[in-house]
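Down below is the structure, laid out as structure tokens.
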Amino acid sequence: MRQVLIRHGESESNREGRVQGQADVDLSETGRLQAEAVADWCREQTWDGTSTELWSSPLKRARETAEAISVAIGLPVQVADDLRELHAGVFQGHLWDDLAERFPEAVAQWKSGDVDFQIPGGESRRQLAERGQQALLTLSKRPASQMIVVAHGGILTAALGLLVGRDHPLLADAIERPFTRLPALANCSVSELSWPGPQLVRFNETGHLVSG
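Counting in this note's numbering, the sequence shown runs from 223 upward without gaps.
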């Protein structure tokens, strides 16, 4: 199976530098333009309409992105709850720059890279990665030869770390990466897995977002 992984377009919270987690946030104007650009990229690909599926996280920023793709390629959007972003607990809704002052101990533990530290009221990185891994694995077993999955930077990055990190140094520490040290996937970037395996075909490609 060809499984194309797309992060949603820029959201209003992304633009504001705010922790969104599982909050239902709209795309920004830039995000809507990014969604149209990745939809155009999808339109240019070759899809078998009888065995291609389009899946999305239920959160609005992913759904809006997936709906743009749906219009472009003529496939309905199906929703998988386990594709939701990290449950950010008490961090959710706050500006990233304010977290250290509001929750100094929790932020220190989070930034340490402890994969089992659970944000108060939320998830740990390990829980996020395992949920994402299982979601992509479950979808890979569906009776489809090609699939587009629209989700979130944190869950996709962490899941890829578990699925292919051993073979790809760039992703070796991805379970620790979401939201710390290294950036997550770019908004409306394209990555791709080939199943069974899986094998990483492409990662964090953004050339389709560059206007010419």
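Ideal placement from N, C-alpha and C gives every residue a C-beta, glycine not left out.
Residue 242 sits in coil when the DSSP states are folded into three classes, being neither helix nor strand.
Exclusion of the five residues before and after residue 244 leaves 281, 306, 307, 308, 309, 310 and 314 as the residues of its chain whose Cβ lies within less than 8 angstroms of its Cβ. When the alpha-carbon of residue 284 is set against those of 247, 317, 251 and 319, the nearest one is in 247. Taking the Cα positions, residue 415 is about 22 angstroms away from residue 289.
Taking a C-beta distance under 7 angstroms as the contact criterion, residue 410 and residue 296 do not qualify as a contact pair.
By the CB criterion at 7 angstroms, residue 383 and residue 392 fall outside the cutoff. Assignment of residue 274 by DSSP, reduced to helix, strand and coil, places it in the strand class. A check of alpha carbon separations from residue 379 across 425, 264 and 362 identifies 425 as the nearest. Between the alpha carbons of residue 271 and residue 298 lies a gap of roughly 11 angstroms. Taking residue 264 as the centre and dropping the five residues before and after it, the same chain places the C-beta of 291, 294 and 295 closer than 6 angstroms to its C-beta, in chain order. Comparing alpha-carbon positions, the option among 389, 368, 408 and 430 lying closest to residue 226 turns out to be 368. Beta bridge pairing from DSSP links residue 368 with 224 and 274. Rounded to whole angstroms, residue 269 and residue 337 show a C-alpha spacing of 37 angstroms. Put simply, the backbone Cα of residue 235 is about 21 angstroms away from that of residue 347. A distance below 7 angstroms between beta-carbons, with the five flanking residues on each side excluded, links residue 386 to the following residues of its chain, in chain order: 393, 420 and 422. Non-local C-beta neighbours of residue 351 in its own chain, meaning closer than 7 angstroms and more than five positions away in sequence, comprise 380, 381, 383, 384 and 397, ordered along the chain. Taken in chain order, the whole beta strand (DSSP E) runs of length 3 or more contained in the segment 264 to 316 are 274 to 278 and 299 to 301.
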